[in-house]
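*Asks:* Okay, handing you the structure first.
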Amino acid sequence: MTASARANVRFFALPAGLPRPDHIDRERFHAVPADPIPLEVFDRSGPLVPARWPNADWAAADGTPSEAAGLPLRLRIPPARAVAWQGEPDLWVAGYWRWGWSFETQRVAQVDAGGRLTTATGARYGFVQGARYYVYHALAELDRPGEWYLDHRTGLLAVWSRPGADGPLEISVAASAFVIEGARHVRIERLTVERVRGDAIRIKDASDVVIANCLVHWTGGRGVVVESSLASGIKDSTVRQTGEGGIWLSGGDRRRLLPAGLFVTGTDIQHFDRLGRTEKPAVRLDGVGQIVTDNVVRDGWHVALRFQGNDHLIAYNSFARVVKDGTDTGAIYSGRDWAARGTRLLFNFLRDVKPRPGAEVKGIYLDDMASGTEVRGNLFLRVDQPVFIGGGRDNRISDNVFVASAPGVHIDGRGLTWAARSITSPQSELRRRLEAVPYRSEVWRRRYPDLPRLLEEEPAHARGNVVSGNLFLAGQPLHLLAEVDARRQRISDLRSFTVQQLEQRLGSQDVRRLLEASSTQRVRAILARLGADPTLDGLPFERWQALSAQVGATFACKPSERFAPDRKPCR
Numbered sequence: 023m024t025a026s027a028r029a030n031v032r033f034f035a036l037p038a039g040l041p042r043p044d045h046i047d048r049e050r051f052h053a054v055p056a057d058p059i060p061l062e063v064f065d066r067s068g069p070l071v072p073a074r075w076p077n078a079d080w081a082a083a084d085g086t087p088s089e090a091a092g093l094p095l096r097l098r099i100p101p102a103r104a105v106a107w108q109g110e111p112d113l114w115v116a117g118y119w120r121w122g123w124s125f126e127t128q129r130v131a132q133v134d135a136g137g138r139l140t141t142a143t144g145a146r147y148g149f150v151q152g153a154r155y156y157v158y159h160a161l162a163e164l165d166r167p168g169e170w171y172l173d174h175r176t177g178l179l180a181v182w183s184r185p186g187a188d189g190p191l192e193i194s195v196a197a198s199a200f201v202i203e204g205a206r207h208v209r210i211e212r213l214t215v216e217r218v219r220g221d222a223i224r225i226k227d228a229s230d231v232v233i234a235n236c237l238v239h240w241t242g243g244r245g246v247v248v249e250s251s252l253a254s255g256i257k258d259s260t261v262r263q264t265g266e267g268g269i270w271l272s273g274g275d276r277r278r279l280l281p282a283g284l285f286v287t288g289t290d291i292q293h294f295d296r297l298g299r300t301e302k303p304a305v306r307l308d309g310v311g312q313i314v315t316d317n318v319v320r321d322g323w324h325v326a327l328r329f330q331g332n333d334h335l336i337a338y339n340s341f342a343r344v345v346k347d348g349t350d351t352g353a354i355y356s357g358r359d360w361a362a363r364g365t366r367l368l369f370n371f372l373r374d375v376k377p378r379p380g381a382e383v384k385g386i387y388l389d390d391m392a393s394g395t396e397v398r399g400n401l402f403l404r405v406d407q408p409v410f411i412g413g414g415r416d417n418r419i420s421d422n423v424f425v426a427s428a429p430g431v432h433i434d435g436r437g438l439t440w441a442a443r444s445i446t447s448p449q450s451e452l453r454r455r456l457e458a459v460p461y462r463s464e465v466w467r468r469r470y471p472d473l474p475r476l477l478e479e480e481p482a483h484a485r486g487n488v489v490s491g492n493l494f495l496a497g498q499p500l501h502l503l504a505e506v507d508a509r510r511q512r513i514s515d516l517r518s519f520t521v522q523q524l525e526q527r528l529g530s531q532d533v534r535r536l537l538e539a540s541s542t543q544r545v546r547a548i549l550a551r552l553g554a555d556p557t558l559d560g561l562p563f564e565r566w567q568a569l570s571a572q573v574g575a576t577f578a579c580k581p582s583e584r585f586a587p588d589r590k591p592c593r
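Position in the sequence shown (first residue = 1) + 22 = my numbering.
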């Protein structure tokens, strides 16, 4: 330890009877939920982090590139670090080893004096030179406030406390706070649920179980998980600082297209992927007929909302500053299922969805032949590639407003190019998912009359997509790749203004205010000067503006060491 660390670090003996885990973390991979973390350390401000290098940035991996999956990593590391890390019994690495959409963690098997670090398990997708990574849980790296290190052999915990974080330290012990199975008519209200190793609240095979006006935070796993249930969900609450995602809903009968009616409404969801940095969304939907309305979703490393399945409603939500560290993904994402149809994305506000340097992101990403989705009445403000159709069909993009968000609508024909095998091979994920549902049955024919004929009607082509009645300001409106036949789409009523045209109508000062706006009211006031426009007239500006002031819990929002409800708002 450095001299500065020796002067500031305090040592604690773990209480007798508390299990001493052999490892401080779990291996994490892409979209797969990890098992509950063995433990986390908290002060009154929230979770501390295992001592890491580099402290707040990434190192560039130096090793032998490989496309082979599952091979242990062998990284060359700085000689001084190799000396400092030798003999560490529970050292970990985390990185984007090959793709910017797949974050993984691995336990270190060995660090040798020659400057070589070897992991105990392999990277799932291979390895590229220069991959971003960091090393954590090394005593020598305990060099700043907010870090900790545990010697599981002696039970000694070393902590450099954060300034102003007086009070006791806590270690998470419980895997979950609530596990509800097979119950009916249950209410969880006005509670703070925090400091668990896994998912805070788990609901399964239940009906009419409602979480209301609660604060759920500081979890090692997800905030709320509802599966195989009906008419259950969370409302008027705050979910934040979760490890592996915010709220995951799954239910309904896809074979008969019966909705579950699971819901998230009036809830503030933020900083939802602090441990698993990819594919751990704020909201994840599966099954049939889930409802996501009037929520604020913000500040995440990766996807904000992912949906699979059928007939979900996603409306009147605000999404901001998400997918900050990913690439080739979207704030809202779905993909690889022709049969996952009927979802409606209505009247949502997406802003400031921008990639880190060297990456590319989307607003609404209908990936790998995703089809049958409606995107209507949404406002995109400074969103890269706001609507991206990746080879799919029968999507409807109408009556949206795009401000400094380009290209507004992208359509490619990947089924004719690099993804052709996913169309032709019966063993592809796309084909297997189609055959997994009775898409030719009478129920499905009535609901999706075009779907039963899909394999006989040019399945490789992007076709039947409707792009109509959209308004594009200060950005390219439409981008069709060369393999896309515009005649197979229905494109009409594209209204577009360049920056120069806007300046002629509004003046350069108001155009600058528009392009830099964060308030929907400011956007509305400036755009009103363009004159009457049916698309603008139909947007719910007041409802969007009210979201930031109205969502979230207003009761029991302080850390629970006081053991008393606090009626002050938690925002």
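Note that the Cβ used here is the ideal one computed from N, Cα and C, for glycine as well.
Expressed to the nearest angstrom, what Euclidean distance is found between the alpha-carbon atoms of V423 and R551?
*Replies:* Mapped onto the sequence shown, residue 423 falls at position 401. Mapped onto the sequence shown, residue 551 falls at position 529. Distance between the alpha carbons of V423 and R551 is about 15 Å.
*Asks:* Do you know offhand how far N77's Cα is from H159's?
*Replies:* Here residue 77 refers to the residue found at position 55 of the sequence shown. Here residue 159 refers to the residue found at position 137 of the sequence shown. If you take the alpha carbons of N77 and H159, they lie about 11 Å apart.
*Asks:* Determine the burial state of V105: buried for a count of at least 16 other Cβ atoms within 10 Å of its Cβ, exposed for fewer.
*Replies:* Counting from 1 along the sequence shown, the entry for residue 105 is found at position 83. V105 comes out exposed.
*Asks:* For the beta strand (DSSP E) that A353 lies in, which residues bound it at each end?
*Replies:* By 1-based counting over the sequence shown, the position of residue 353 is 331. Taken as a continuous stretch (DSSP letters only), the beta strand (DSSP E) holding A353 covers T351 to G357.
*Asks:* Between the C-alpha atoms of F585 and A199, what's the straight-line distance to the nearest angstrom?
*Replies:* If you number the sequence shown from 1, residue 585 lands on position 563. If you number the sequence shown from 1, residue 199 lands on position 177. Confidence is the limiting factor: at F585 the pLDDT is only 34, short of 50, which leaves the residue's position unreliable, though a coordinate-based value still follows. When rounded, the distance between both Cα atoms is 16 Å.
*Asks:* Can you find the residues in the same chain that come closer than 8 Å, C-beta to C-beta, to A53, ignoring five residues on each side of it along the sequence?
*Replies:* The sequence position of residue 53 within the sequence shown is 31, counting from 1. So the qualifying residues of the chain are T300, E301 and K302.
*Asks:* So is T446 buried or exposed if we call it buried at 16+ other beta carbons inside 10 Å?
*Replies:* Taking the sequence shown and counting its residues from 1, one reaches residue 446 at position 424. Classification for T446: exposed.
*Asks:* Tell me the rounded alpha-carbon separation between Q567 and N370.
*Replies:* Locating residue 567 in the sequence shown gives position 545, counting from the first residue. Locating residue 370 in the sequence shown gives position 348, counting from the first residue. Those two C-alpha atoms are separated by around 12 Å.
*Asks:* What residue range is occupied by the uninterrupted beta strand (DSSP E) comprising P597?
*Replies:* No answer is possible for residue 597: it lies beyond the span of the chain, which begins at 23 and ends at 593.
*Asks:* What are the start and end residues of the beta strand (DSSP E) that includes W323?
*Replies:* As a position in the sequence shown, residue 323 is number 301, starting the count at 1. Taken as a continuous stretch (DSSP letters only), W323 belongs to no beta strand (DSSP E), as it is neither H nor E.
*Asks:* Tell me whether P408 is buried or exposed, calling it buried when 16 or more other Cβ atoms sit within 10 Å of its Cβ.
*Replies:* For the purposes of this step, residue 408 is identified with residue 386 of the sequence shown, where counting begins at 1. Buried, since its Cβ has 16 or more Cβ neighbours within 10 Å.
*Asks:* If we count the other Cβ atoms within 10 Å of its Cβ and call it buried at 16 or more, is S530 buried or exposed?
*Replies:* Translated into positions along the sequence shown, residue 530 becomes position 508. So S530 counts as exposed.
*Asks:* Kindly indicate the opening and closing residues of the alpha helix (DSSP H) around I59.
*Replies:* Translated into the one-based positions of the sequence shown, residue 59 becomes position 37. Note, I59: premise wrong, no alpha helix (DSSP H); not H, not E.
*Asks:* Using the C-alpha atoms, what's the distance from N487 back to P591?
*Replies:* Taking the first residue of the sequence shown as position 1, residue 591 is located at position 569. Taking the first residue of the sequence shown as position 1, residue 487 is located at position 465. At P591, the pLDDT of 38 sits below 50, so the modelled position is not reliable; the number obtained from the coordinates is stated separately. If you take the alpha carbons of P591 and N487, they lie about 45 Å apart.
*Asks:* Are the region 397–412 and the region 363–380 touching by the rule of at least three beta carbon pairs closer than 8 Å?
*Replies:* Result yes; three or more Cβ-Cβ pairs closer than 8 Å.
*Asks:* Fully enclosed by the region 447–500, which alpha helix (DSSP H) runs are 4 residues long or longer?
*Replies:* Whole alpha helix (DSSP H) segments, 4+ residues: 451–457 and 464–469.
*Asks:* For R485, which residues of its own chain have a beta-carbon under 6 Å away from its beta-carbon, when the five flanking residues on both sides are left out?
*Replies:* The residue given as residue 485 occupies position 463 in the sequence shown. Once the five neighbours on either side are set aside, the close Cβ partners of R485 are R415 and R510.
*Asks:* Is G437 helix, strand or coil when you go by DSSP?
*Replies:* On the sequence shown, position 415 is the one that residue 437 refers to. Correct three-state label for G437: helix.
*Asks:* Smallest Cα separation from V157: which of R296, D321 and A116?
*Replies:* Taking the first residue of the sequence shown as position 1, residue 157 is located at position 135. Ranking R296, D321 and A116 by Cα distance to V157 puts A116 first.
*Asks:* When the Cβ atoms of the region 206–214 are set against those of the region 227–241, are three or more pairs found closer than 8 Å?
*Replies:* Counting Cβ pairs under 8 Å, three or more are found: they touch.
*Asks:* Sort out for me which residues DSSP pairs N332 with in a bridge.
*Replies:* Counted from its first residue, the sequence shown places residue 332 at position 310. Answer is V310, bridged to N332.
*Asks:* Starting from the C-beta of H501, find all residues in its chain whose C-beta is less than 6 Å away, skip the five residues before and the five after it, and write them out in chain order.
*Replies:* Stepping through the sequence shown from its first residue, residue 501 is reached at position 479. So the qualifying residues of the chain are P429 and H432.
*Asks:* Rounding to the nearest angstrom, what Cα-Cα distance links E457 and E266 in this structure?
*Replies:* Position 435 of the sequence shown, counted from the first residue, corresponds to residue 457. Position 244 of the sequence shown, counted from the first residue, corresponds to residue 266. Spanning the two alpha carbons is a distance of roughly 31 Å.
*Asks:* Among residues of its own chain, excluding the 5 on either side of F563, which ones have a beta-carbon nearer than 7 Å to its beta-carbon?
*Replies:* Your numbering for residue 563 matches position 541 in the sequence shown. Here the set comprises T542, Q543 and R546.
*Asks:* Is the region 184–192 close to the region 117–135, with three or more CB pairs under 8 Å?
*Replies:* No, the region 184–192 is not in contact with the region 117–135.
*Asks:* Helix, strand or coil for V521, going by three-state DSSP, please let me know.
*Replies:* In the sequence shown, counting from the first residue as 1, residue 521 sits at position 499. The answer is helix: DSSP assigns V521 an H, G or I state.
*Asks:* Per DSSP, what are the beta-bridge partners of P72 in this structure?
*Replies:* For the purposes of this step, residue 72 is identified with residue 50 of the sequence shown, where counting begins at 1. Paired residues: W170.
*Asks:* Restricting to Cα atoms, I'd like to know which of G491, V325 and S540 is closest to I513.
*Replies:* Position 491 of the sequence shown, counting from 1, holds the residue named residue 513. Cα-wise, what sits closest to I513 is G491.
*Asks:* When you compare each of L70, A153, V318 and T315 to A82 by their alpha carbons, which one comes out closest?
*Replies:* Sequence index remark: in the sequence shown, residue 82 carries index 60 (1-based). That would be A153, whose Cα lies nearest to the Cα of A82.
*Asks:* For L452, which residues of its own chain have a beta-carbon under 8 Å away from its beta-carbon, when the five flanking residues on both sides are left out?
*Replies:* If you number the sequence shown from 1, residue 452 lands on position 430. Correct list, in chain order: R358, D359, W360, D390, M391, S444 and I445.
*Asks:* So V201 and V238 are in contact, right, with Cβ under 8 Å, and what is the actual spacing, rounded?
*Replies:* In the sequence shown, counting from the first residue as 1, residue 201 sits at position 179. In the sequence shown, counting from the first residue as 1, residue 238 sits at position 216. Their Cβ separation, rounded to whole angstroms, is 14 Å, which puts V201 and V238 out of contact at 8 Å.
*Asks:* Tell me, to the nearest whole angstrom, how far the beta carbon of T143 is from that of E203; I am working on the premise that it is less than 8 Å.
*Replies:* Along the sequence shown, one-based indexing puts residue 143 at 121. Along the sequence shown, one-based indexing puts residue 203 at 181. The pair is not a contact, with the Cβ atoms about 32 Å apart (cut-off 8 Å).
*Asks:* Which residues does DSSP list as the beta-bridge partners of F402?
*Replies:* Stepping through the sequence shown from its first residue, residue 402 is reached at position 380. Answer is L372 and F424.
*Asks:* Leaving out the 5 sequence neighbours to the left and right, which residues in its chain are closer than 7 Å to R166 when beta-carbon positions are compared?
*Replies:* The residue labelled residue 166 in the question sits at position 144 within the sequence shown. The answer, listed in chain order, is N77 and W182.
*Asks:* Answer yes if the region 340–349 comes into contact with the region 312–322, meaning at least three C-beta pairs across the two stretches below 8 Å, and no otherwise.
*Replies:* Yes, since at least three Cβ pairs between the region 312–322 and the region 340–349 fall closer than 8 Å, the two stretches touch.
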